[in-house]
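Quick note: the sequence shown uses our numbering, first residue -6, plus one each step. Quick reminder that beta carbons are idealized off the backbone N, C-alpha and C, glycines included. Have a look at the structure below, then the notes.
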Amino acid sequence: MLVTDRYDGTPASRARDAVDAAGAGDAGTIDGIAELPDAPAILSSADGTIVQVTEQAIRLAGVVDAADLLGSRLAELVVRDGPVSRLRGAEDVAVRVLSWPHPADDALRVTVLTDVRDLLPDNGSPIGVEVVDERARLIDAQRIAKVGSWSVYPETGQMYHSPVLKELFYASGTEDVFDGVNMVVAVRPDDQPKADDFGVRLRSAPVGKLVEVELHDHTDRVFLCTGRVERDAADRIERIEGTVQDVTEQRLLERQLRDERRKLHDAQRAARLGTWEWDATTGATQLSEMMREICGHLPGDPTNYDDYLEGVHPEDRTRVDQAWRGLARRFEPVEIEHRFIRRDGAVRTLRAHGAAIRDPDGRLVLVGTAQDVTEQRTVLTRMERSSQRFTDLVAVTPVGIGLFDQDEHLVDANDALCDLLGYRLEQLRGMSARQMTHPDERDSGLRAASDESASSRSGRRKVPQRLLIRSDGEPVYCELHVALSVQDDGTRFWLVVFQDITERRRAAEALRYQATHDDLTGLPNRAAVKQLLGQLLGRADSAGVAVLFCDIDNFKRVNDSLGHDAGDELLVALARRLEGGLPEGCTAARLSGDEFLIICSDITAVGGLDSLATRVAGLLRTAVPVHGQLIRVSASIGAAVPSGGGSGGEDLLRFADAAMFEAKRRGAGKVSLASPALMASADRQLHLEGQLREALNNDGLTLHYQPVVASDGTVLTAEALVRWPHPDRGLLSPDAFLPVAEQGDLLRELDRWVLRTALREASTWPTPSGRQVGIAVNLAGLVPGGADFVDVVADTVAECGLDWNRVILELVETALVDLPSRTRQAMGELVARGVRFAVDDFGTGYSSLARLKDLPAQIIKVDRRFVAGVGGDPSDFAVAQAVVGMARAMGRLCVAEGVETATQFHVLSGVGVDAYQGWLFSRPMPSREFRALLETGPLPLLNDR
-6 MLVTDRYDGT
4 PASRARDAVD
14 AAGAGDAGTI
24 DGIAELPDAP
34 AILSSADGTI
44 VQVTEQAIRL
54 AGVVDAADLL
64 GSRLAELVVR
74 DGPVSRLRGA
84 EDVAVRVLSW
94 PHPADDALRV
104 TVLTDVRDLL
114 PDNGSPIGVE
124 VVDERARLID
134 AQRIAKVGSW
144 SVYPETGQMY
154 HSPVLKELFY
164 ASGTEDVFDG
174 VNMVVAVRPD
184 DQPKADDFGV
194 RLRSAPVGKL
204 VEVELHDHTD
214 RVFLCTGRVE
224 RDAADRIERI
234 EGTVQDVTEQ
244 RLLERQLRDE
254 RRKLHDAQRA
264 ARLGTWEWDA
274 TTGATQLSEM
284 MREICGHLPG
294 DPTNYDDYLE
304 GVHPEDRTRV
314 DQAWRGLARR
324 FEPVEIEHRF
334 IRRDGAVRTL
344 RAHGAAIRDP
354 DGRLVLVGTA
364 QDVTEQRTVL
374 TRMERSSQRF
384 TDLVAVTPVG
394 IGLFDQDEHL
404 VDANDALCDL
414 LGYRLEQLRG
424 MSARQMTHPD
434 ERDSGLRAAS
444 DESASSRSGR
454 RKVPQRLLIR
464 SDGEPVYCEL
474 HVALSVQDDG
484 TRFWLVVFQD
494 ITERRRAAEA
504 LRYQATHDDL
514 TGLPNRAAVK
524 QLLGQLLGRA
534 DSAGVAVLFC
544 DIDNFKRVND
554 SLGHDAGDEL
564 LVALARRLEG
574 GLPEGCTAAR
584 LSGDEFLIIC
594 SDITAVGGLD
604 SLATRVAGLL
614 RTAVPVHGQL
624 IRVSASIGAA
634 VPSGGGSGGE
644 DLLRFADAAM
654 FEAKRRGAGK
664 VSLASPALMA
674 SADRQLHLEG
684 QLREALNNDG
694 LTLHYQPVVA
704 SDGTVLTAEA
714 LVRWPHPDRG
724 LLSPDAFLPV
734 AEQGDLLREL
744 DRWVLRTALR
754 EASTWPTPSG
764 RQVGIAVNLA
774 GLVPGGADFV
784 DVVADTVAEC
794 GLDWNRVILE
804 LVETALVDLP
814 SRTRQAMGEL
824 VARGVRFAVD
834 DFGTGYSSLA
844 RLKDLPAQII
854 KVDRRFVAGV
864 GGDPSDFAVA
874 QAVVGMARAM
884 GRLCVAEGVE
894 TATQFHVLSG
904 VGVDAYQGWL
914 FSRPMPSREF
924 RALLETGPLP
934 LLNDR
């Protein structure tokens, strides 16, 4: 705001040229000037002549009375002596000087002297300053006035600044550039030239001339900066002093006052509303400009109560006089309507209000308003002839109906409209359509409503939505039906029907919210993410957009061990952490399951991608109390930014998703950025997804079958294993394309294809020895709990004509735990028809053997990891033995997967396994080879292969 250069200490003379003395009033005071501060203070004129002193100053100077000081030159009385000043008197007194312009007259200066003798040692040099009472009072006065003072002595380079000045700097947010010597306040860029000019004018100003400037700081606060210089006989600057005053509030009040006056004047003219003030003792009245216009008085004409009463219509005069006399005697508020005859003979109808208030001096004053309502009253009188018919017609209508004149003021309304807006009919009458409309509504008039709505030949118009405001301030949404009609005399009026659609709108907003937000966490969902990314990537500065794909590590373990309710509670807690911890400009969303997404609109503003990723990782690396346990979680995070090649929202999501899988591959809690190579891989995956989708639609996949045999080699069932004969890459196993299907949301369609194809092919298998071979199908996307799971299975079985008892549906252990009763009931319907459910890869989930009895399955398949070690690892043997024993005890079949050696076969046979599957018996083979295998009968049991 103000820049004062550091001075280099050039010597300067202390003597000043003699100037004419200013005249003073009575000793110690000057007429019209407020009292000086309660301290040793001197008031001097522009030429330095002392015109007023305080008693404390007289005592400090050691003189008898004020006459000894009045008329003297301040420069001769107070002389600079090194770092302090000396007050010349009976004895020299060491003082510090503070001076500023008098607030009532810029030509006068107030100088306060602080006795610092007790702060000086015998040699007269200054020591550390302590706040004395006089200085404290002065600082308090400055603080109240928001005025900081400063002074600079060029010969020493010494600067003084009051504590209040420092407070102003700190309040302005510039404490980092205030060093106690240089005064630097950051000004608004457009004020910098003014600040520079102030410094130039100040250094070139003559002695005693006050230099002022008003500046704004970067927070738009307003400061009045003043300064003046003292020069020696050689016209060199001896001292510069000044003040900085925060006048923000004063300027704001001044601007508000001007605005309010203008608004009041405009409102009075628009409403034909005048104001008046009446002194009941003298009868004198003061009328506003609009009031004079209403009554027909010329500007400047004296007015009184009798003049006003004489203009009141004779038939109304007694009633009106009684009302105003009651106000004058009993101070009762008055509201009255009467006719008034202007000097030009025109008869106007006035609606007047009056009340008694106290002015700033405590006197009771009678004030009020009068509005010319002649036109409204004329229209109202005309309308009242048909109001009864209107009232009878609309009284029973449940929607609000209002009748407005051509100026859009309400003339009549039914009870429904009164109830809708919360007013009595008397309050609504005369109210304009604009007054009924909520301030947030841009177009509030009926004409605007007509313009924005479609009209028909009959002149009826429909406004889909208009926001109105009730008497209690509550908003209400209405659908308006507007009809503009004309009376016999040509006067137009508006008939408006108000249909309350607030509840309908709330329901629509709730539906929109549900469509774009996750039900569990309340975060934006995938639809909202697509919309937001589309908006951000459509901007010119879309290069700053970033997406972080977050997957909670080991979340499945929480669901499996504590249940889905605990998992939901954990997700909600993490969502709240993201909402509360993300920087501004970042949005958290939940895509599905344990996947969160962070969208940043400007990665630079949050410190860069690494900083944001670290922050998000920290938010998701926490311990959350869930169901009485402290669950520690972390997240694998993939980050992606636009590649510059026109990447869309879906591309960013794919790249971030691919980066997340890369981070998860490196270990829990890792962060990975979508590199060009990774994005190229994601593009290849997308291409592969498209090819897989095409293969599903065109039966481009094939099935291989691996037999499940009894201990004598009899083929009991066969597991269908999908393969993809890729046109470029050859025959692909599920490991190559199942992740693609999962990312592309194709697992469900893939399951349906496998189920339909396997059952159709199984229906044509031969039946050696008259025994039908069962068909087992793995399901990953089509699982119990889905809305149409039972229907899809039942329709497929019926379509293929297969016996129900040949169908086995294999699901992983985690898909069968914590199923709701309705899902278990649906599975029971299939079991009742003959379908069997198998738990695939049992033991790989996070459950215990105790949970085995709760699984709604008839077959248990022991995972190959336990089978592999049964011949040499006692732990694997014990697990296999326990699983087989419990399965048999519960009446369930037990199948061993991955049997590859005769040793494994014999050990498992010894513990009671019912059936076996593995390369020891047969590799998975195409359908034609499997048919040939079935025709050969039981498989031979060979030694280790």
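Asked: Which stretch, first to last residue, makes up the alpha helix (DSSP H) that contains Asn501?; Found: For the record, residue 501 in the displayed sequence is Ala; it is not Asn. It spans Thr495 to Thr509 - the alpha helix (DSSP H) in which Ala501 sits, taken as one unbroken run.
Asked: Should the stretch 254 to 274 be called in touch with the stretch 283 to 297, which here means at least 3 C-beta pairs below 8 Å?; Found: yes
Asked: If you measure between the beta carbons of Leu689 and Leu743, is that distance less than 8 Å?; Found: yes
Asked: What do you get for Gly912, buried or exposed, if any count of 16 or more other CB atoms within 10 angstroms of its CB means buried?; Found: Checking the sequence shown, residue 912 turns out to be Trp, not Gly. Per the 10 Å Cβ criterion, exposed.
Asked: Whose C-alpha, out of Gly779, Gly821, Asp788 and Gly827, is nearest the C-alpha of Ile801?; Found: Gly827
Asked: Does DSSP put Phe830 in a helix, a strand or coil?; Found: strand
Asked: Determine, using beta carbons only, whether Arg885 and Gln851 come nearer to each other than 8 Å.; Found: yes
Asked: Could you tell me whether the Cβ atoms of Asp752 and Leu795 are closer together than 8 Å?; Found: The displayed chain sequence assigns Leu, not Asp, to residue 752. Yes; because the gap between Cβ atoms is below 8 Å, this pair is in contact.
Asked: Taking the alpha carbon of Val327 as the reference point, which residue from Pro295, Gly361 and Asp337 has its own alpha carbon closest?; Found: Gly361
Asked: Are the CB atoms of Leu694 and Val617 nearer to each other than 8 Å?; Found: no
Asked: Note down, in chain order, each residue of its chain lying with its Cβ closer than 7 Å to the Cβ of Asp337, except the 5 sequence neighbours on either side.; Found: Gly289
Asked: Does the distance between the C-beta of Pro732 and the nearest non-hydrogen atom of the ligand ATP fall short of 7 Å?; Found: By its list of ligands, the structure shown contains no ligand whatsoever, and the ligand ATP lies outside what it can speak to.
Asked: In this structure, how does DSSP classify Gln458 when only helix, strand and coil are distinguished?; Found: strand
Asked: Could you pull the DSSP bridge partners for Pro391 from this structure?; Found: None; Pro391 has no bridge partner.
Asked: Just curious, the alpha helix (DSSP H) that Trp746 is in, first and last residue?; Found: Leu740 to Ala755
Asked: So for Lys202, helix, strand or coil by DSSP?; Found: coil
Asked: Please look up how many angstroms separate the CB atoms of Ala536 and Pro432, rounded, as I've assumed it's under 8 Å.; Found: About 39 Å; that fails the 8 Å criterion.
Asked: In whole angstroms, give me the CA-to-CA distance for Ser144 and Gly235.; Found: 6 Å
Asked: Please state the DSSP three-state secondary structure of Thr274.; Found: coil
Asked: Mark Tyr163 as exposed unless 16 or more other C-beta atoms lie within 10 angstroms of its C-beta, in which case mark it buried.; Found: exposed
Asked: Cβ atoms of Arg463 and Leu473: under 8 Å apart, would you say?; Found: no
Asked: Restricting to Cα atoms, I'd like to know which of Met879, Pro813 and Asp833 is closest to His557.; Found: Pro813
Asked: Could you pull out every residue in the same chain whose Cβ sits closer than 7 Å to the Cβ of Thr816, ignoring the five residues on either side in sequence?; Found: Pro777 and Gly778
Asked: Would you list the one or two residues that DSSP bridges to Ile592?; Found: Val540 and Thr580
Asked: Over what stretch of residues does the alpha helix (DSSP H) that includes Phe782 continue unbroken?; Found: Phe782 to Cys793
Asked: Assign Ile545 to one of two classes, buried (16 or more other C-beta atoms within 10 Å of its C-beta) or exposed (fewer than that).; Found: buried
Asked: With 16 as the cutoff for other CB atoms within 10 Å, does Met883 come out buried or exposed?; Found: exposed
Asked: Any idea what DSSP makes of Leu217, helix, strand or coil?; Found: strand
Asked: Do Val832 and Gln874 have their C-beta atoms closer together than 8 Å?; Found: no
Asked: For Ala476, which of Asp412, Ser554 and Glu401 has the nearest alpha-carbon?; Found: Glu401
Asked: With DSSP as the reference, identify every bridge partner of Pro919, one or two as the case may be.; Found: His697
Asked: Taking all protein chains shown into account, decide if Ser920 is buried (16 or more other Cβ within 10 angstroms of its Cβ) or exposed.; Found: buried
Asked: Whole angstroms is fine: what's the gap from Ser762's alpha carbon to Pro727's?; Found: 33 Å
Asked: Determine the contact status of Leu575 and Ala581, defining contact as a CB-CB distance below 8 Å.; Found: yes
Asked: Helix, strand or coil, according to DSSP, for Arg943 in the structure here?; Found: With the chain covering only -6 through 938, there is no way to say anything about residue 943.
Asked: Whose C-beta lies closer than 7 Å to the C-beta of Cys411 among residues of the same chain, with five residues either side of it excluded?; Found: Arg417, Leu418 and Leu421
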